[in-house]
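Asks:
Protein chains in written order, with the UniProt record's numbering: chain P, 1 to 271; chain D, 1 to 216.
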């Protein structure tokens with residue numbers, strides 16, 4: 001896969017200087033699928049405005065971790081607090097927590113029977129109770145921000161993968177979320193479309209959004225992350241600022257993983 | 001015995017309006033019931049799923065004729081007087097609810113899981129998620145088998161003749177008892193059913209083909 005141009009450019013030196021209070025707190029979180037231990041004593045603290053990249057081999061639990069934050073997956077042990085609300089299975093108003101957390105999926109998951117614009121307008125109208133005019137104004141603003149205002153009237157099947165994913169990002173942003181989760185948002189895209197999506201993600205990161213990004217795009221991590229987390233076998237193995245994470249990984253498993261992923265077909269780190 | 005007259009033929013053909021009316025009422029009743037059954041079958045509450053499944057098993061596992069008998073005779077035991085029309089309408093509606101419920105459950109479950117996850121993550125609650133996201137997509141999938149079942153239902157209304165409801169089959173029996181021209185009379189009735197059902201089947205086939213092409 002080609003290295004995205006956006007990600008090879010040098011990033012700001014210390015992006016994490018203006019972080020706020022703790023918005024996500026995970027304490028000793030455990031989760032099992034049957035007998036398979038997917039999350040193993042996960043502890044994680046995320047500050048408002050912090051941008052975290054989570055990487056690791058497939059099956060390491062990174063997607064599951066972020067899916068626990070909006071309870072698309074239930075955790076069985078431990079505590080998860082998001083913006084002051086303690087999450088648990090079968091809480092009656094989980095939707096109130098979810099509306100403040102945007103999520104972008106690997107497979108886009110746009111609503112195929114609605115146009116790009118309608119995809120963006122639905123939740124602000126039905127969840128936030130905005131008028132049609134107000135919702136449309138917001139939707140058009142965000143479609144502009146992801147650089148596809150001209151596709152507003154098209155249905156998802158008429159759009160390329162990269163365009164669909166940008167609509168999906170706009171759809172989440174229309175809810176004005178406090179946190180954005182990206183679950184391998186560029187993994188299903190053709191190489192030439194990865195850039196256009198990463199560019200949008202980079203500009204979102206630069207706007208101060210709290211982001212948790214599961215990705216293999218190490219260039220993106222280097223450029224925008226305040227912290228890179230490496231997971232393996234359901235554990236957080238390493239967590240460090242990108243400069244330290246890439247230059248001097250502490251754990252043997254991290255070194256192995258970075259060795260594989262960086263010596264592969266990806267461009268090596270910029271100096 | 002008397003001769004089969006034009007008036008007799010007209011009597012039979014006019015009775016088709018009761019066949020059609022009964023079909024429409026049962027389809028509407030079954031549509032409402034079927035939606036409830038389908039939503040219960042896909043509910044996150046186990047007891048609701050179990051309840052709906054039991055309902056479906058009972059109605060799929062017993063003959064329609066028995067269901068009509070029960071709808072006709074059981075209310076009488078409790079002192080409620082039902083005429084054949086009411087019993088047939090209720091019996092066929094309950095029958096259709098079970099079958100449509102099962103067809104529509106399948107259609108709802110075929111909608112990819114990611115659609116629900118996207119809706120959840122936007123903070124949508126059950127009702128807007130179901131009625132604005134899932135069901136509009138499920139309808140496309142559901143149309144061919146639903147029309148297929150409608151054909152079954154129309155033919156099924158002929159059984160209402162046995163509890164004394166005068167639709168086309170019952171009208172034909174009455175005329176046949178007086179004139180004894182079974183071949184002419186029942187061939188005519190079969191032709192009328194065919195003329196109603198065949199276009200529906202054909203339409204269902206066309207829709208099915210359209211959907212297969214669209215999903216390629």
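A virtual CB, placed ideally from N, CA and C, is assigned to each residue, including glycine.
Could you tell me whether any Cβ in chain D is nearer than 9 Å to the Cβ of residue 126 (chain P)?
Replies: As a first step, residue 126 (chain P) must be located in the first chain, where it is residue number 126. Chain D, which has a Cβ nearer than 9 Å to the Cβ of residue 126 (chain P), makes this yes.
Asks: Within this structure, are the beta carbons of residue 174 (chain D) and residue 68 (chain D) separated by less than 9 Å?
Replies: To locate residue 174 (chain D), count along the second chain from 1; it is residue 174. To locate residue 68 (chain D), count along the second chain from 1; it is residue 68. Result no, Cβ atoms of residue 174 (chain D) and residue 68 (chain D) do not sit closer than 9 Å.
Asks: Does residue 175 (chain P) come within less than 9 Å of chain D when only Cβ atoms are used?
Replies: Taking the first residue of the first chain as 1, we reach residue 175 (chain P) at position 175. So yes, residue 175 (chain P) belongs to the interface.
Asks: Going by alpha carbons, who is nearest to residue 22 (chain P) out of P:65, P:61 and P:82?
Replies: If you number the first chain from 1, residue 22 (chain P) lands on position 22. Selected option, being the one with the closest Cα: P:82.
Asks: How far does the alpha helix (DSSP H) with residue 144 (chain P) in it reach, from first residue to last?
Replies: Within the first chain, numbered from 1, the residue matching residue 144 (chain P) stands at position 144. Here the alpha helix (DSSP H) through residue 144 (chain P) covers 132-145.
Asks: Helix, strand or coil: which one does DSSP assign to residue 20 (chain P)?
Replies: Reading the first chain from its first residue, position 20 is the one you call residue 20 (chain P). Three-state DSSP puts residue 20 (chain P) in coil, outside helix and strand.
Asks: Okay, do the stretch 79-93 of chain D and the stretch 121-136 of chain D touch, 3+ Cβ pairs below 8 Å being the bar?
Replies: no
Asks: In chain order, what residues of the same chain lie with their CB nearer than 6 Å to the CB of residue 213 (chain P), ignoring the 5 residues before and after it?
Replies: Locating residue 213 (chain P) in the first chain gives position 213, where the first residue counts as 1. Taken in chain order, the residues that qualify are 53 and 182.
Asks: What does DSSP give as the partner residues of residue 31 (chain P) in its beta bridges?
Replies: Within the first chain, the letter at position 31 stands for residue 31 (chain P). Partner(s): P:39.
Asks: I need the straight-line Cα distance from residue 122 (chain P) to residue 148 (chain P), nearest angstrom please.
Replies: The count along the first chain starts at 1 and reaches residue 122 (chain P) at position 122. The count along the first chain starts at 1 and reaches residue 148 (chain P) at position 148. Going from the Cα of residue 122 (chain P) to the Cα of residue 148 (chain P) covers about 18 Å.
Asks: Is the Cβ-Cβ distance between residue 110 (chain P) and residue 153 (chain P) less than 9 Å?
Replies: In the first chain, counting from the first residue as 1, residue 110 (chain P) sits at position 110. In the first chain, counting from the first residue as 1, residue 153 (chain P) sits at position 153. Contact flag unset, no.
Asks: By the 10 Å Cβ neighbour count, where 16 or more other Cβ atoms means buried, how is residue 209 (chain D) classified, buried or exposed?
Replies: Taking the first residue of the second chain as 1, we reach residue 209 (chain D) at position 209. It counts as exposed.
Asks: Could you give the DSSP three-state label for residue 120 (chain P): helix, strand or coil?
Replies: Start at 1 with the first residue of the first chain, and residue 120 (chain P) comes out as number 120. Helix, per DSSP.
Asks: Which residue wins for smallest C-alpha separation from residue 115 (chain P), given the options P:139, P:98, P:101 and P:95?
Replies: Walking along the first chain from the start, residue 115 (chain P) turns up at place 115. For the residues P:139, P:98, P:101 and P:95, the minimum Cα distance to residue 115 (chain P) belongs to P:139.
Asks: Assess contact between the stretch 102-116 of chain D and the stretch 90-98 of chain P, defined as three or more Cβ pairs (one per stretch) separated by less than 8 Å. Is contact present?
Replies: no
Asks: Taking the alpha carbon of residue 203 (chain P) as the point to measure from, which residue in P:190, P:231 and P:173 has its own alpha carbon closest?
Replies: Locating residue 203 (chain P) in the first chain gives position 203, counting from the first residue. Out of P:190, P:231 and P:173, P:173 has the C-alpha closest to the C-alpha of residue 203 (chain P).
Asks: Please report the distance separating the alpha-carbon of residue 18 (chain D) from that of residue 44 (chain D).
Replies: The residue you call residue 18 (chain D) lines up with position 18 of the second chain. The residue you call residue 44 (chain D) lines up with position 44 of the second chain. If you take the alpha carbons of residue 18 (chain D) and residue 44 (chain D), they lie about 40 Å apart.
Asks: Would a C-beta distance cut-off of 9 Å place residue 134 (chain D) and residue 108 (chain D) closer than the cut-off?
Replies: Walking along the second chain from the start, residue 134 (chain D) turns up at place 134. Walking along the second chain from the start, residue 108 (chain D) turns up at place 108. Yes, the pair counts as a contact, with Cβ atoms nearer than the cut-off.
Asks: Grab the span of the alpha helix (DSSP H) containing residue 82 (chain P) for me, first residue to last.
Replies: Counting from 1 along the first chain, the entry for residue 82 (chain P) is found at position 82. First-last for residue 82 (chain P): 77-82, but that is the beta strand (DSSP E), not the alpha helix (DSSP H).
Asks: Does the distance from the CB of residue 87 (chain P) to the CB of residue 47 (chain P) come in under 9 Å?
Replies: Indexing the first chain from 1 puts residue 87 (chain P) at position 87. Indexing the first chain from 1 puts residue 47 (chain P) at position 47. Taking 9 Å as the Cβ cut-off, residue 87 (chain P) and residue 47 (chain P) do not qualify as a contacting pair.
Asks: Can you look up residue 174 (chain P) in the DSSP assignment and give me helix, strand or coil?
Replies: The residue labelled residue 174 (chain P) in the question sits at position 174 within the first chain. Three-state result, residue 174 (chain P): coil.
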